[in-house]
Amino acid sequence: MPGSRRSILIIIVALVVFCQFSGLAAARVYIDVTQPFSRRLPLAIPEFQPLAGSPQDPVGADGAALLTKALSFTGLFDILNPKSFIGAPEPGKVNYAKWSKVGAELLIACSYQVNGDNLTMECRLYDVVDKRLLTGRRYDGVRGDLPMMMYRFADEVMLAITGERSVFSTQIAFVGSRQAEKGAIKEIYLMSFDGASLKKITSRGDITLYPAWSSDGKLLAYSSYLNRRPAIFVQALAGGSGKLVINKPGVNLTPVFQPNSTNLAVSMSHTGRTNIFLVDIAGHILKHLTNGWGIDVAPAFSPNGKQMAYVSDRGGSPQIYVMDLASGQQRRLTFGFKYCAAPDWSPRGDRIAFQAEIDGIFQICTIKPDGSGAQVLTGGYGAKEDPSWSPDGRLIAYAGRQTGRYQIYVMTSNGQSISRLTSLPGEQTDPAWSPRGVSRPLD
Amino acid sequence: MKRYLLWFAMAVLVMSLGLAAGCGKEQVAAPGGQLSAEEQARVEAERQRRLREAQLQEQQARSSQLREVFVNQDVHFDYDRYDLSAEAKQILNEKAAYMQKAPGLMVIVEGHCDERGSNAYNMALGEKRAKAAAAYLEAMGIGGNRLETVSYGEERPLVMGTSEEAYAANRRAHFVIK
Chain A
615 MPGSRRSILI
625 IIVALVVFCQ
635 FSGLAAARVY
645 IDVTQPFSRR
655 LPLAIPEFQP
665 LAGSPQDPVG
675 ADGAALLTKA
685 LSFTGLFDIL
695 NPKSFIGAPE
705 PGKVNYAKWS
715 KVGAELLIAC
725 SYQVNGDNLT
735 MECRLYDVVD
745 KRLLTGRRYD
755 GVRGDLPMMM
765 YRFADEVMLA
775 ITGERSVFST
785 QIAFVGSRQA
795 EKGAIKEIYL
805 MSFDGASLKK
815 ITSRGDITLY
825 PAWSSDGKLL
835 AYSSYLNRRP
845 AIFVQALAGG
855 SGKLVINKPG
865 VNLTPVFQPN
875 STNLAVSMSH
885 TGRTNIFLVD
895 IAGHILKHLT
905 NGWGIDVAPA
915 FSPNGKQMAY
925 VSDRGGSPQI
935 YVMDLASGQQ
945 RRLTFGFKYC
955 AAPDWSPRGD
965 RIAFQAEIDG
975 IFQICTIKPD
985 GSGAQVLTGG
995 YGAKEDPSWS
1005 PDGRLIAYAG
1015 RQTGRYQIYV
1025 MTSNGQSISR
1035 LTSLPGEQTD
1045 PAWSPRGVSR
1055 PLD
Chain B
9 MKRYLLWFAM
19 AVLVMSLGLA
29 AGCGKEQVAA
39 PGGQLSAEEQ
49 ARVEAERQRR
59 LREAQLQEQQ
69 ARSSQLREVF
79 VNQDVHFDYD
89 RYDLSAEAKQ
99 ILNEKAAYMQ
109 KAPGLMVIVE
119 GHCDERGSNA
129 YNMALGEKRA
139 KAAAAYLEAM
149 GIGGNRLETV
159 SYGEERPLVM
169 GTSEEAYAAN
179 RRAHFVIK
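Heads up: the protein sequence lines correspond to chains A and B, in order. With the working numbering, the residue at position 156 of the first sequence is 770, and numbering never jumps. With the working numbering, the residue at position 106 of the second sequence is 114, and numbering never jumps.
Here it is as C-alpha cells:
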C-alpha cells in the first residue's frame, strides 16, 4: 500500500488543457467564508462514465459514492439527487443548459478507464452558471488508489471553490477509553477525517490524555501517568513509542506545540501553582508563561504564535484568558458564562472555539480574539466538549454526549451539518485535528 | 431408667477403683475435693490468656475498624472548589490522629472530581484537592515525607451516574495506605 501511494504521488498529472482554465477560477466568489450562514451550492455528481474503449466497471459507482461522501462532509454543497438527472455527460462535453434545468450550479463529471488492476480517472469540475471548466485532474494508479484519487480531487474542488484545500488529507487524534479492573484505560487513537481507518497509537495501559499535533503533523504530544502523576510524552507518527519529555512533581498537563516549533506549552504544578510553562522537547523549562494563583491549563496558540489562549480560575471561576507572549500581558476573554474551558484557536486566526456551561450543560461556542462576537454553536441535551478546528478553519470536531456516552462529532464552524464520526464501543473524547498532508503511520 | 443409672454408677465406681489401684496415689485428685495448686495455676493462666486474647481481638477489631474508616472515609468538596469545609477538617483531624498513632504509616492522598467540567481543568483541580488535604494533615503535625498526592481528575469516579449524589460522592480526597 505505501508503495502504491508513493506511485500515485508521482504519477498524478494535471492535464495541461485544464490548467489554462484554472486561472479564471478566482473571478467569482463561490463561498464567502466570512459569511457565517452562506447557502449551500447545488452540485450534480452524475454517474462516472467509462472512457472510450473501456468496459463498464463498479469502480465508477464506488468513485462517485466516495466523492459524494467526501464533499458532503464539508457542509458546503447541496448534492443533488442523481435520479433527477437527464442522462450522464459524455467525457469532455457538457450540455450546460441540461444541468441548469435540474438546478445544478456546479457539475462534477468523471470518467474512468480500467485495464486489469490499473485505473485511470479523469475528473472535471464545471461552473454550470458561467458555463466553464473550473478545474480538472487525471489520476493514474491501481484500483486500490481509488479513495485517494477521489479525496485528492475533492481537495481540488475545494481549492477551486474556496481558494483553499480541505481536510481530505487529514487525521483526527482522540482519546479512546475502555473499562478495565482498575477503571477506564485511555489510549490515543487516530482516524481519518471522516472517522474511517481507525488506529490505536499508544499502548500505555493507563490514563492517556490531551493529544496535540506539531505543525508539520509529524509529532503528537500527550499526557500519560508515570509514577502516579501525569507526565508529558512526545511520539513520532513515523513509529515507536512515546518519549518522556517532562515529569515534574505534581501534574504535567495539556501539552501543545508552539507553531512551527518543537517547543511545547505545558501546564505544570511543581511550583505549587498550576501555571503554563514553555519547555523544549528535551524537557528544559524555557519560560514561565502564566502567573495565576490557582489553576492555569489548556494553552492554545494563535496561528502566528504571538498569542496564547488558556483557561484560568484566577477570577474565581474557570474562564478563557488571552496572553500576548511578547509583552506578557494577560486579559480575560470570556464573560457572561459560568464556566469556560478547552480553547482552540482557529487556523484562520479570527475565532477561538471553547466550551461554555449554558443552563448546566456544556456547549461549543466561538468568540473573536478581541472578546466580541461570541456565538453558541450547539444546543440541547448532552454535554459537548473539547472543540478542535480543522486545518482549513471550516469545521470543528468535538466530543458530544448526545447518546449518553462521549463520541466524536463534527460540524461546520457555524454549527451546521452536525454528524457523528465514531461509533466505537467505550467513549471517545478530546479530538485533535491534524494539519493537512498527514500520512498514516505504517501498520 | 433408675436401673440404668444404678448400673452406670457402679461401672464408674469399678473403673475408678481400677485406676486407683494402677496409679501412684499423689497424682490422684481426691474425688469431689480441691484441685492441686499446680492445676489451679494452669487454669488461671488459661483464663488470663483467653482474656488477653479477647482484649487483643477487640483491639484489633477496633484498629482495623479505624483503619477501615481511615481508608474509606473520604473528604468531600463543593463543585469547582478545593477549600476545606468544617466537616472536611473534622475528618482530617481523625486521619491525623490515626496517623500519629501509627508512625510507620505512609499515605497516598488521591484528589478526585465529578465528571462535570473540562477534563484538563479537573485534573488540575483534583491535585489542588489532594494538596489541600495533605497540607492540612501536615499542619496537624504529620511529616510531609509520609504523604504523597496524586490527582485522578474525573478519571476514577467512585459512583457512576449523573445524579447530584453521585457528583457529591465523587468530589473527594481519598486516602490510600501504601
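By construction, the Cβ of each residue, glycine as well, lies at the ideal position given by its N, Cα and C atoms.
- In chain A, no part has a C-beta under 7 Å from the C-beta of B/ARG179; the shortest such distance is about 15 Å.
- Taken through DSSP and simplified to helix, strand or coil, A/LYS707 comes out as coil.
- When secondary structure is reduced to three states using DSSP, A/ALA678 falls in the helix class.
- Secondary structure at A/VAL716: coil, using DSSP grouped into helix, strand and coil.
- Taking the CA atoms as reference points, A/ARG792 sits about 5 Å from A/ALA798.
- Around the beta carbon of A/VAL789, 16 or more other beta carbons lie within 10 angstroms, which makes this residue buried.
- Think of a sphere of 9 Å around the beta carbon of A/LEU823: the chain B residues whose beta carbon falls inside it are ASN127, ALA128, MET131, GLY161, GLU163, in chain order.
- Contact annotation: the stretch 136 to 155 of chain B does not touch the stretch 39 to 55 of chain B, with fewer than three C-beta pairs closer than 8 Å.
- Taking CB atoms only, B/LYS136 has a neighbour in chain A less than 8 Å away.
- Distance from the CA of B/LEU133 to the CA of B/ASP122, rounded to the nearest whole angstrom, comes to 10 Å.
- Boundaries for A/ASN841: no alpha helix (DSSP H) harbours it, and the DSSP string shows neither H nor E there.
- For the stretch 151 to 185 of chain B, the continuous alpha helix (DSSP H) assignments of 4+ residues that do not extend past its boundaries occur at 172 to 178, in sequence order.
- Inter-residue distance for A/ARG751 and A/LYS715 is about 26 Å (C-alpha atoms, whole angstroms).
- Taking every protein chain shown into account, the CB of A/PHE949 has fewer than 16 other CB atoms within 10 angstroms, so this residue is exposed.
- The three-state reading of DSSP puts B/LEU145 in helix, counting H, G and I together.
- One Cα belongs to A/LEU840, the other to A/ASP1000, and the distance between them is close to 24 Å.
- In the DSSP assignment, A/PRO825 falls within the unbroken beta strand (DSSP E) covering 822 to 827.
- Taking a beta-carbon distance threshold of 8 Å, B/ASP88 counts as an interface residue toward chain A.
- Under the Cβ distance rule, B/VAL79 does not count among the residues neighbouring chain A, no pair being separated by less than 8 Å.
- Listed along chain A are ARG842, ARG843, each with a C-beta nearer than 7 Å to that of B/VAL158.
- In the structure shown, the three-state DSSP call for A/LYS796 is coil.
- DSSP places A/ASP1044 in the strand class (E or B) of the three-state scheme.
- Taking all protein chains in view, the Cβ of A/TYR995 is surrounded by fewer than 16 other Cβ atoms within 10 Å, so the residue is classified as exposed.
- At least 8 Å separates the CB of A/GLU736 from every CB of chain B.
- Beta bridge pairing from DSSP links A/ILE909 with A/THR888.
- Taking 8 Å as the cut-off, the Cβ atoms of A/PRO869 and A/GLY919 do not count as close.
- If you check the CB distance, A/LYS952 and A/SER931 come in under 8 Å.
- A/ASN866 has A/MET882 as its beta-bridge partners, per DSSP.
- At least one CB atom of chain B sits nearer than 8 Å to the CB of A/LEU867.
- By DSSP's assignment, A/THR749 forms a beta bridge with A/LEU739.
- At a C-beta separation below 8 Å, A/GLU999 has these neighbours in chain B: SER126, ASN127.
- Within chain B, ASP88, ARG124, GLY125, SER126, TYR129 have C-beta atoms less than 9 Å from the C-beta of A/TYR953, given in sequence order.
- Of all alpha-carbon atoms in B/LEU155, B/ASN153, B/LYS139, B/SER171, the one lying nearest the alpha-carbon of B/GLY161 is that of B/LYS139.
- If you draw a straight line from the Cα of A/PHE976 to the Cα of B/GLY169, it is about 17 Å long.
- Using a Cβ distance threshold of 8 Å, A/ILE860 and A/PRO825 do not count as a contacting pair.
- In this structure, the beta-carbon distance from A/THR784 to A/SER1048 falls below 8 Å.
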